[in-house]
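Comments concern the structure below.
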Amino acid sequence: MSPRKSRSEVEWQLWMCLFLVIATASEAPAQIAGVGLSSVRGQSFGNENLFFFVPENEDRLGWSVAAGDFNGDGAEDLATGMPYDDGLVGAGLTDVGSVIVRFGVARTGLATTPADTVLSQFASGSQSPPESEERFGYALAVGDFNGDGYDDLAVGIPFDRVPNPPDCYGGGPKPAGSVQIHYGLPGGIQTAGEHWLHQSLPGMDWCNREYDRFGAALAAGDFDADGWGDLAIGAPYSTVHYNGSFDAGVVNVVYGHFGGVMPVFGVRIHQDVAGVHDVIQEGDKFGYALAIGDFNDDFREDLAIGVPGEEGSGAIQVVMSSPSGLVLTDNAIWQQSDIGGGPNESGDGFGATLAVGDFDGDSIDDLAVGSPQESLGSANRTGKIDVLYGDLFSWFDPTRFEHFTQGSIFGTSTADGALDQFGFALAAGDFDRDGWADLAVSQPGENAGGTWRGGVTILSGGLGGLYDRYRFLSPGLGGVPSDAQNGAQAGGALASGDFDGDGYDDLAMGIPWRSEAGLSSVGAVTVLYGSLFSDGFDSGNLFYWSATAP
């Protein structure tokens, strides 16, 4: 009889066998290394029955997501938009919308008990009463607008019926859109928005036109470095002028101060403003996407604006900042052909999504740009992303532009599937806490072994920029929370935040088309936590070493 092996010897031999399996794999090894995120400790949150708010068909929880520390406890909280929610039971309204806030807990993560904070226009004290089709929660942004140390939440309501003066389109309310500001507090967050912003307020000085969709895009930052957060608000379907080009688009910027965001401190930006490059054109959709970062290392944040309809193919426009705020004459515009990203083709949607992070660790922010409708070869709407690296001496480093498709990442053109929409949503965060920002890129049309199951590709940052390491993650695969579901289109929205306060960024993935309990498209959110050793050794799952393209 052979001598009995100790448990440690057996474990060591098992690990060695696993190592040999990995080492002899024929696929490209790039996906082997960890990216800081995996299914370890992952969570899935469905559309819950919250007393007078109950799950219904087409609620689409997870349409938007945003992270911020609203109660100041050191762990970030998760706000999730549900813009097609019908509101209070018995109200008789449709698509009113709501936002669910789930609080983070230090060293634990997001609370698993039912979310106890619902934001909506039904709240007592709301300045805008709920009405059908207004879609509260369509877009979200987080910033400390009043400088009190608690993060605040801006909620876009792009079809809100807002008042007009008599000389604006005959007066009367129009479904032009608004933004509601909910301020953070020691005990949580205001359930009723304290400030209500729309275009005809003093300081905005414009008319509310039907379907401008003011509030369809939001981004928060600090343009003048005064310590108070500022808010950029997109109205991508605005005509700009009374009889101007339809859907040309406008961005309104509102500056923060000790009282919060006030419209009297703001500026209106569009392509017909003196000094702003290009001209307004029908269908430009200026302001469809917004992102904020310090692209030239002057310690003030600049504004990146997506213009996905520019000349039919798309563009990005960046406005730089100064001690007094944004300088409208200090701006530049790029299309794909300007950065070596290929020809400008109709329908690409370059600039439809944006994300900012320091991907190469040089302390200067970089800009990721999504073109989710980009067609490659015979594959329609497969999608791509481009990366512009910040530079101390110019707009962006003119020698460093990077371009990614699924095929270029996974090493095979078969990864570029039709209707994948790679780049549909973007989020930057340091998931492995190595000092370089990483990029999460969603592809909600990815089949992932079924049909339109969706998922997200993580590109790790490094000394040379993105693509140091990568991994594809999708619900139901390799232990990622929630089961694989055809048509769920995971990755409809993305947000990074540190929900357990451990210094590692975590990722929230919206799945707004997920069905549950016989209800269609009620929605869900999957949360993946970042850590140093989030990989297959933690979960015992060999999937994490698969280099197979999705």
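One point on numbering: in the numbering used here, the residue at position 414 of the sequence shown is 1634, and numbering is uninterrupted.
Backbone N, C-alpha and C define an ideal beta-carbon position, used for all residues, glycine too.
Owing to the predicted nature of the structure, the values given are computational and were not obtained by experimental measurement.
Residue i versus residue j - alpha carbon distance
i            : j            : result
residue 1627 : residue 1633 : 4 Å
residue 1737 : residue 1277 : 10 Å
residue 1675 : residue 1391 : 46 Å
residue 1747 : residue 1386 : 48 Å
residue 1363 : residue 1440 : 5 Å
residue 1561 : residue 1375 : 34 Å
residue 1397 : residue 1476 : 20 Å
residue 1616 : residue 1344 : 47 Å
residue 1517 : residue 1442 : 13 Å
residue 1258 : residue 1537 : 35 Å
residue 1751 : residue 1653 : 7 Å
residue 1608 : residue 1526 : 14 Å
residue 1549 : residue 1284 : 32 Å
residue 1299 : residue 1322 : 7 Å
residue 1571 : residue 1359 : 17 Å
residue 1487 : residue 1472 : 6 Å
residue 1544 : residue 1484 : 15 Å
residue 1503 : residue 1325 : 44 Å
residue 1449 : residue 1403 : 12 Å
residue 1418 : residue 1428 : 8 Å
residue 1432 : residue 1489 : 14 Å
residue 1270 : residue 1280 : 15 Å
residue 1456 : residue 1331 : 36 Å
residue 1349 : residue 1399 : 13 Å
residue 1610 : residue 1547 : 18 Å
residue 1763 : residue 1729 : Its pLDDT being 42, under 50, residue 1763 is placed unreliably in this model, and the coordinates cannot settle the point.
residue 1447 : residue 1367 : 6 Å
residue 1512 : residue 1314 : 33 Å
residue 1684 : residue 1643 : 21 Å
Element boundaries [alpha helix (DSSP H), containing residue i]
i            : result
residue 1628 : 1626 to 1630
Continuous beta strand (DSSP E) stretch holding residue i: start and end
i            : result
residue 1398 : 1398 to 1402
residue 1416 : 1415 to 1417
residue 1522 : 1522 to 1527
residue 1539 : 1535 to 1542
residue 1604 : 1604 to 1610
residue 1483 : 1480 to 1489
residue 1496 : Careful: residue 1496 lies outside any beta strand (DSSP E) and carries neither H nor E.
residue 1671 : Neither: residue 1671 is in no beta strand (DSSP E) and is coded neither H nor E.
residue 1461 : It is not in any beta strand (DSSP E) - residue 1461 carries neither H nor E in the DSSP assignment.
residue 1359 : 1359 to 1363
residue 1474 : 1470 to 1477
residue 1451 : 1450 to 1455
residue 1337 : 1337 to 1339
residue 1574 : 1573 to 1577
residue 1645 : Careful: residue 1645 lies outside any beta strand (DSSP E) and carries neither H nor E.
In DSSP terms, what residue i is bridged to
i            : result
residue 1749 : In DSSP, residue 1749 forms no bridge with anything.
residue 1662 : 1676
residue 1395 : 1381
residue 1264 : 1746
residue 1726 : 1717
residue 1622 : 1607
residue 1302 : 1318
residue 1690 : 1679
residue 1736 : 1739
residue 1554 : 1536
residue 1731 : 1744
residue 1591 : 1604
CB of residue i within 7 Å of CB of residue j, strictly
i            : j            : result
residue 1215 : residue 1744 : Coverage of the chain is limited to positions 1221 through 1770, which leaves residue 1215 absent and any answer about it impossible.
residue 1659 : residue 1668 : no
residue 1316 : residue 1310 : no
residue 1591 : residue 1568 : yes
residue 1711 : residue 1645 : yes
residue 1708 : residue 1733 : yes
residue 1474 : residue 1451 : yes
residue 1575 : residue 1286 : no
residue 1566 : residue 1532 : yes
residue 1318 : residue 1357 : yes
residue 1329 : residue 1719 : yes
residue 1721 : residue 1294 : yes
residue 1587 : residue 1524 : yes
residue 1688 : residue 1663 : no
residue 1661 : residue 1671 : no
residue 1290 : residue 1481 : no
residue 1436 : residue 1413 : no
Proximity test, residue i beta-carbon vs the ligand PLP heavy atom, cut-off 6 Å
i            : result
residue 1436 : Absence of the ligand PLP from the depicted structure is noted, as is the absence of any ligand whatsoever, leaving it without description.
Segment contact, 8 Å Cβ cut-off, at least three pairs: the stretch 1340 to 1355 with the stretch 1366 to 1373: no
Meets three-Cβ-pair contact criterion under 8 Å: the stretch 1468 to 1478 and the stretch 1376 to 1388: no
Three or more C-beta pairs below 8 Å linking the stretch 1699 to 1707 and the stretch 1259 to 1267: yes
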